[in-house]
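Reading through the structure tokens given below for one structure.
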Amino acid sequence: MKDKPIFRHEDAFLPNLAAFAYVITTYVGGFALIVSDDVFANILGTFILAHSMVIAAYLIHETAHMSLFRDKKHNQRYAELLLWVTGSSYSHFEDIRNKHNRHHIDRADIVSFDFRPILEPHPKFLKLIKTLEWAYIPALEILMHALVIVLPFIKENRKARRTRVMTVLALRIAFFAWLASIGWQVLIFYPIAYLMFMTVMRFMDVHQHTYEVFETLDQPRGPEARMRDRVFEHKNTYSNLLSERHPWVNLLVLNFCYHNVHHDQQLQPWYRLPKLHQEIYGSDKSQVLTLRHLAKSFHRYRIPRILNGDPVYLDVKTDEGETFIGVDGVSFLTAH
């Protein structure tokens with residue numbers, strides 16, 4: 368009897384092998400360059416390491432949809448490994464998967480803790496966040512990752528996560544102490560690489576939907592989740608392409624930017640999305656936004672975005688997204 372292939376899709380072996388090899392090579396190579404005595408190697412290693420984490424994160428996204436491996440356990444184990452690569456291992460993979468599935472099923476941005484109502488009554492802290500964001504430091508993303516660590520010690524229903532958080536924290540401190548003993552500059556260049564990684568992830572997230580944010584992650588799905596249908600989902604989802612003319616450029620984010628076709632066919636693997644996008648939408652650009660327009664919005668509204676919540680059915684195509692503020696703090700990597 369012929370064994371079933373390990374990957375979910377028959378054509379997955381070569382593209383996935385290439386992606387897996389890229390993450391391993393660039394992660395190890397990035398650290399090797401960062402701990403070297405050559406400052407130019409340190410800078411190069413910082414960019415390489417940041418991109419390694421970007422690709423690892425989008426492979427986690429694939430596992431959340433079970434579109435990598437045929438067996439659920441293989442997806443789960445591989446995702447747990449990649450969570451260490453992305454510095455997101457404070458969360459269980461199942462927590463991340465549950466949050467992301469709720470995003471798809473409820474057709475909304477689902478969180479257990481919405482920071483927006485908390486920030487306004489604390490003007491000093493809000494001013495600090497605004498100052499950091501003005502300087503292009505992704506303070507809100509840092510806050511989201513910090514919440515994953517802190518919430519198990521605040522919310523009773525997350526008490527079971529405390530042991531994992533403390534264990535991961537201890538292991539990561541030991542790991543970086545060891546790296547610092549080889550090359551102290553890792554304590555400078557790794558944080559820079561991580562900030563770059565978070566900035567890329569946020570840039571891809573903030574303009575993909577005009578969804579509402581609901582603080583219902585720790586609750587069962589309510590009747591409001593059934594009010595939004597497939598038409599709503601499509602009209603409030605955007606494909607934020609890095610390049611229309613050169614599809615290979617979109618591989619820099621593992622084709623995550625082909626977001627409409629991903630929402631239409633969630634089990635389709637990352638390497639099929641450009642072709643499927645062309646087959647399904649063709650010359651229809653009604654839900655397509657591009658880098659050169661969104662970069663202007665990303666820069667212009669980095670302060671207003673802190674507290675922003677876009678209304679659904681917002682007409683962002685009028686100026687190709689240049690006045691599309693977007694919503695922050697909705698990363699699939701932070702199961703807060």
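Numbering (the working numbering), first residue to last: 368 to 703.
In this text, a Cβ means the ideal position worked out from N, Cα and C, and glycines have one as well.
Taking its Cβ as the centre, do 16 or more other Cβ atoms sit within 10 Å of ASN617, making it buried, or is it exposed? Flag for ASN617 reads buried.
Starting from SER698 and walking both ways along the beta strand (DSSP E), at which residues does that stretch end? First-last for SER698: undefined, no H or E at that position.
SER606, enclosing alpha helix (DSSP H) - first and last residue: From DSSP, SER606 is part of no alpha helix (DSSP H) but of the beta strand (DSSP E) over 606-608.
Those runs of the alpha helix (DSSP H) which lie wholly inside the segment 396-435 and span at least 4 residues: 406-431
Opposite VAL580 in the DSSP bridges: which residues? ASP476
Buried or exposed for PHE665, please, with buried defined as at least 16 other CB atoms from any protein chain shown within 10 angstroms of its CB. buried
Go ahead and label TRP551 buried or exposed: buried means 16 or more other beta carbons lie within 10 angstroms of its beta carbon, across all protein chains shown. Counting other Cβ atoms within 10 Å of its Cβ, TRP551 stays below 16 and is therefore classed as exposed.
With three or more beta-carbon pairs closer than 8 Å as the criterion, would you say the segment 390-399 touches the segment 535-542? no
VAL553: which of PHE699, THR604, ASN409, ILE504 sits nearest, CA to CA? ASN409
Give the straight-line distance between the Cα atoms of HIS576 and GLY693, rounded to the nearest whole angstrom. Distance between the alpha carbons of HIS576 and GLY693 is about 8 Å.
The beta strand (DSSP E) spanning VAL655 covers which residue range? 655-657
Classification of PRO484 by the beta-carbon crowding that lies within 10 angstroms, buried from 16 upward: exposed
Can you tell which of VAL620, ASP651, THR498 has its C-alpha closest to the C-alpha of LYS741? As displayed, the chain neither begins before 368 nor continues past 703, which places residue 741 out of reach and without an answer.
Could you compute how far the alpha carbon of MET734 sits from the alpha carbon of VAL402? Limits of the chain in this structure are 368 at one end and 703 at the other, which puts residue 734 out of reach.
CA-CA distance, HIS467 and ARG588? 14 Å
Name the residue from PHE436, PRO590, GLU461 whose alpha carbon lies nearest to the alpha carbon of PHE699. GLU461
Alpha carbon to alpha carbon, how far is SER458 from HIS613? Give it in angstroms, no decimals. 36 Å
Using 10 angstroms around the beta-carbon of GLY649, count the other beta-carbons present and answer buried if the total reaches 16, otherwise exposed. exposed
Assign PHE374 to one of three DSSP states: helix, strand, or coil. In the structure shown, PHE374 adopts extended strand secondary structure according to DSSP, grouped into three states.
Contact with chain C by TYR638, beta-carbon distance below 9 Å: Checking the listed chains, one finds no chain C in this structure; it contains a single protein chain.
Exposed or buried, THR428, counting other C-beta atoms within 10 Å across all chains shown (16 or more means buried)? Position check: residue 428 holds His in this sequence, whereas Thr was assumed. Per the 10 Å Cβ criterion, buried.
What are the boundary residues of the alpha helix (DSSP H) that includes TYR648? Its alpha helix (DSSP H) spans residues 640-648.
Can you have a look at HIS629 and say buried or exposed, based on whether 16 or more other CB atoms are within 10 angstroms of its CB? buried
Can you give the beta carbon distance from THR392 to PHE556, rounded, assuming they're within the 8 Å contact cut? The beta-carbon distance between THR392 and PHE556, rounded to whole angstroms, is 18 Å. This is too long to meet the 8 Å contact definition.
Please specify which runs of the alpha helix (DSSP H), each continuous and at least 4 residues long, are wholly inside the segment 501-559, giving them in chain order. 506-517, 529-549
Of the listed residues LEU514, ARG474, GLU582, THR430, nearest to ARG597 (C-alpha basis): ARG474
Quick one: Cα of ILE422 to Cα of PRO590, how far? 36 Å
For the segment 631-638 against the segment 656-665, are there 3 or more C-beta pairs whose distance is under 8 Å? no
Taking C-alpha atoms, which residue in ASN607, VAL567, TYR578 lies nearest to LEU416? VAL567
Helix, strand or coil for GLU447, going by three-state DSSP, please let me know. DSSP places GLU447 in helix when its eight states are reduced to three.
Looking only at its chain, what residues have a beta carbon closer than 6 Å to the beta carbon of SER455, apart from the 5 residues adjacent to it on each side? LEU700
CB of PHE480 within 9 Å of CB of LYS522, strictly: yes
By the 10 Å Cβ neighbour count, where 16 or more other Cβ atoms means buried, how is HIS489 classified, buried or exposed? exposed
ILE485 by DSSP, collapsed to three states: which one? The three-state reading of DSSP puts ILE485 in helix, counting H, G and I together.
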